[in-house]
Amino acid sequence: MSTVLQAYRFALAPNPGQESALRSHCGAQRFAYNWGLGLIKANLDQRKAEASYDLDDDELTPSVSWSAYSLRKDWNQAKHTVAPWWNENSKEAYSSGLANLATALKNWSDSKKGMRQGRKLGFPRFKGRREGLSCRFTTGSFGLIETDRRHVKLPRIGVVRTHESTRKLARHVERGTGRISSATVSYRSGRWFVSFSVEIERADPVPVRPEAVVGVDLGIKSLAVLSTGEVIANPRHPEVAQRELRRLQRQAARRTSPDRRAGREPSNRWRKTQARIAKLHARVASARRDGLHKLSTRLVRSCGVIVLEDLNVSGMIKNRRLARHVADVGMAELRRQIEYKASWSGVCVHIADRWYPSSKTCSDCGVVKAKLRLSERVFTCSSCGMSMDRDLNAARNLAKLVEATTSSPSCGVTVNEPDGNPHKTCTMRAAGIATGRPTRSTPRRKATARDTLSHVS
Ligand SMILES: [Zn+2]
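Using full-length UniProt numbering, the first residue of the sequence shown is number 1, and each one after it goes up by one.
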């Protein structure tokens, strides 16, 4: 039994009144954020100007505290003058904006002091009207409705119908194994969502066959190929979405797009088409995510050891041929899902070394091919004559990696360095496999509409 923090997200179907209330709350959140940022900025500028007159520290205008608590206190004093309409929205909307601002300021100052990993962050910027809408509720009456499983309750907004059943979360709440700590509403790609942050007590069953090893190779044509020979199909016909995307892109081309050099604003009709394109992308992406969730759950429940390829990180940044990118994005998501689901039920996850040539190795005799054309969908071994589907061969090699190196499987090992790693041997380098560049395993071709579509999926 372990307690984990899990998010449950449901698409909402608000009525027109509720929708405008949702918009109003998200706008209120943005207003409070921008108000607080303006306050802090003015204070910082004032102090900077005063300091340039050689004033002592105690003669300067006192600095405004950045904590969410004191920002809220300042807001409560100022709201009657700056926002006389404040009462139209739940106070949570303003608190949420101020809390976000406090986090943004803290991240910025930590980053400046070198206390934060990742790239340097700039000073927080004002939020524009066209940015993503969201608002978080941490107190008040929100949650599920006891009587039916098609509605959620939100403060001030009321009881909103959901597009799908809330059954999974409702069962946890009824059993007492789930406690909802906050609710966030957001507007993404033309749809409203609510996301509940829930503390869940999980007791996941151990895998049915804990000794089973499975290698997973993510593809473009199919979602994935397993080393057992199973091919998992793409969840949605990509051709249908592609045709629709091409149509919408032609439509956008006929409309007035923005031009920064000419200072031209986009037309509303162009914006509408862009919204439709975004919606289509989101649908393809969520279909793929759904497929990956089903796959990762099944793998974790059935196998004891799962082997994945590592991501081609440098390739992901540089590669403009997006096919590799698509598989990598899917792999990153699958890896994330498998890793957290595996930790719930004690399954081992092995990540193959990034340089391991899973596609070029013969899964029968182990001979590494110098070159494998990307158009070759079937792997044929030149030394033993074995012939097999390219992706299945790769998946088998991944599974073999663990079977060979770990006779006694130990959890916690995540990276496998196979001995005889070909990119380190001189002979192989002469043969032209890896010269410090990532091995290529996907088609070289120009980015097409299809690529850009699957890019987000
Ligand atoms: Zn062979």
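For each residue, glycine too, the CB sits at the ideal point set by N, CA and C. Treat the numbers as computed from the prediction; the structure is a model and nothing was measured.
>> Please state the DSSP three-state secondary structure of Ile338.
In response: The sequence position of residue 338 within the sequence shown is 338, counting from 1. Here Ile338 sits in helix by DSSP.
> According to DSSP, is Leu121 helix, strand or coil?
Replying inline: The count along the sequence shown starts at 1 and reaches residue 121 at position 121. Leu121 falls in the coil class under three-state DSSP.
>> Any heavy atom of ligand 1 closer than 6 Å to the beta-carbon of Asp391?
In response: To locate residue 391, count along the sequence shown from 1; it is residue 391. Not under cutoff, so the answer is no.
>> Threshold first: 3 residues or longer. Then list the beta strand (DSSP E) segments lying entirely within the region 134–167, N to C.
In response: 151–154 and 158–162
> Measuring CB to CB, does Ser275 end up less than 7 Å from His163?
Replying inline: For the purposes of this step, residue 275 is taken as residue 275 along the sequence shown, with counting starting at 1. For the purposes of this step, residue 163 is taken as residue 163 along the sequence shown, with counting starting at 1. Here the sequence assigns Ala to residue 275, which means Ser is not the residue at that position. Contact flag unset, no.
> Of all residues in the structure, which have a C-beta closer than 6 Å to any heavy atom of ligand 1, taken in chain order?
Replying inline: Cys362, Asp364, Cys365, Val367, Cys381, Ser383, Cys384 and Met386
> beta strand (DSSP E) containing Gly215: first to last residue?
Replying inline: In the sequence shown, the residue the question calls residue 215 occupies position 215. Run containing Gly215: Arg209 to Leu218, per the beta strand (DSSP E) assignment.
> Just how far apart, CA to CA, sit His293 and Gln337?
Replying inline: In the sequence shown, the residue the question calls residue 293 occupies position 293. In the sequence shown, the residue the question calls residue 337 occupies position 337. Taking the straight line joining both Cα atoms gives about 7 Å.
> Going by other Cβ atoms of all chains shown within 10 Å of its Cβ, with 16 needed for buried, is His281 buried or exposed?
Replying inline: Walking along the sequence shown from the start, residue 281 turns up at place 281. Looking at its Cβ environment, which holds 16 or more other Cβ atoms inside 10 Å, His281 is buried.
>> According to DSSP, simplified to helix, strand and coil, what is Trp75?
In response: Working through the sequence shown from its first residue, we reach residue 75 at position 75. Here Trp75 sits in helix by DSSP.
> Quick one: Cα of Trp344 to Cα of Ala203, how far?
Replying inline: Locating residue 344 in the sequence shown gives position 344, where the first residue counts as 1. Locating residue 203 in the sequence shown gives position 203, where the first residue counts as 1. Approximately 8 Å, taken between the alpha carbons.
> Between the region 30–39 and the region 93–109, do three or more beta carbon pairs fall short of 8 Å?
Replying inline: yes
>> Please report the distance separating the alpha-carbon of Asp45 from that of Ser109.
In response: Along the sequence shown, one-based indexing puts residue 45 at 45. Along the sequence shown, one-based indexing puts residue 109 at 109. Each residue's Cα considered, the two are about 16 Å apart.
>> Is the beta carbon of Val284 closer than 7 Å to that of Ala241?
In response: The residue labelled residue 241 in the question sits at position 241 within the sequence shown. The residue labelled residue 284 in the question sits at position 284 within the sequence shown. Cβ distance < 7 Å, so Ala241 and Val284 count as in contact.
>> Just to confirm the assignment, what range does the alpha helix (DSSP H) spanning Trp35 have?
In response: The residue given as residue 35 occupies position 35 in the sequence shown. Run containing Trp35: Pro16 to Ala51, per the alpha helix (DSSP H) assignment.
> Between Ser111, Ser257, Val367 and Leu144, which lies nearest to Asn268 when the distance is taken from Cα to Cα?
Replying inline: To locate residue 268, count along the sequence shown from 1; it is residue 268. It is Ser257 whose Cα lies nearest to the Cα of Asn268.
>> Using a 10 Å radius around the Cβ and a threshold of 16 neighbouring Cβ atoms, would you call Trp85 buried or exposed?
In response: In the sequence shown, residue 85 corresponds to position 85, counting from 1. So Trp85 ends up on the exposed side.
> Can the beta-carbon of Cys348 be found closer than 7 Å to that of Ala212?
Replying inline: Here residue 348 refers to the residue found at position 348 when the sequence shown is read from its first residue. Here residue 212 refers to the residue found at position 212 when the sequence shown is read from its first residue. No, the Cβ-Cβ distance between Cys348 and Ala212 is not below 7 Å.
>> Can you tell me whether Thr297 is helix, strand or coil according to DSSP?
In response: Position 297 of the sequence shown, counted from the first residue, corresponds to residue 297. Looking at Thr297 - three-state DSSP - the assignment turns out to be helix.
> Per the contact definition of three or more C-beta pairs closer than 8 Å, is the region 193–210 in contact with the region 372–384?
Replying inline: no
> Just curious, the alpha helix (DSSP H) that Glu92 is in, first and last residue?
Replying inline: If you number the sequence shown from 1, residue 92 lands on position 92. Note, Glu92: alpha helix (DSSP H), Lys91 to Lys112.
> Do Ile157 and Ala21 have their C-beta atoms within less than 7 Å of each other?
Replying inline: Within the sequence shown, residue 157 is the residue found at index 157, counting from 1. Within the sequence shown, residue 21 is the residue found at index 21, counting from 1. Cβ distance < 7 Å, so Ile157 and Ala21 count as in contact.
>> Taking its Cβ as the centre, do 16 or more other Cβ atoms sit within 10 Å of His80, making it buried, or is it exposed?
In response: On the sequence shown, position 80 is the one that residue 80 refers to. His80 comes out exposed.
> Who are Ser197's beta bridge partners in DSSP?
Replying inline: On the sequence shown, position 197 is the one that residue 197 refers to. According to DSSP, which records beta bridges pairwise, Ser197 is partnered with Ala7 and Ser182.
> By DSSP, does Val368 sit in helix, in strand, or in coil?
Replying inline: Walking along the sequence shown from the start, residue 368 turns up at place 368. DSSP places Val368 in strand when its eight states are reduced to three.
>> So if DSSP puts Glu309 in a beta bridge, which residue, or which two residues, is it bridged to?
In response: Against the sequence shown, residue 309 aligns to sequence position 309. In the DSSP output, where bridge partners are listed per residue, Glu309 has Ala352.
> If Ala278 and Ser189 are in contact, beta carbons under 8 Å, what's the gap, nearest whole angstrom?
Replying inline: On the sequence shown, residue 278 is found 278 positions in, with the first residue counted as 1. On the sequence shown, residue 189 is found 189 positions in, with the first residue counted as 1. The Cβ separation is near 5 Å, so the contact holds.
>> Is the separation between the beta-carbon of Val198 and that of Gln6 shorter than 7 Å?
In response: Working through the sequence shown from its first residue, we reach residue 198 at position 198. Working through the sequence shown from its first residue, we reach residue 6 at position 6. Yes.
> How big is the Cα-Cα spacing for Ser2 and Arg9?
Replying inline: As a working mapping, residue 2 is identified with position 2 in the sequence shown. As a working mapping, residue 9 is identified with position 9 in the sequence shown. Distance between the alpha carbons of Ser2 and Arg9 is about 21 Å.
> Which same chain residues, not among the five before or five after Ser111, have their C-beta less than 6 Å away from its C-beta?
Replying inline: For the purposes of this step, residue 111 is taken as residue 111 along the sequence shown, with counting starting at 1. Taken in chain order, the residues that qualify are Lys120 and Leu121.
>> Could you compute how far the alpha carbon of Ala352 sits from the alpha carbon of Ala42?
In response: Within the sequence shown, the letter at position 352 stands for residue 352. Within the sequence shown, the letter at position 42 stands for residue 42. Whole-angstrom Cα-Cα distance: 52 Å.
> Which class does Trp270 belong to by DSSP, given the choice of helix, strand or coil?
Replying inline: By one-based count along the sequence shown, residue 270 stands at place 270. Three-state DSSP puts Trp270 in a helix.
> Which residue's Cα is closest to the Cα of Phe196: Ala183, Cys26 and Tyr187?
Replying inline: Start at 1 with the first residue of the sequence shown, and residue 196 comes out as number 196. Of the listed residues, the one whose Cα sits closest to Phe196 is Ala183.
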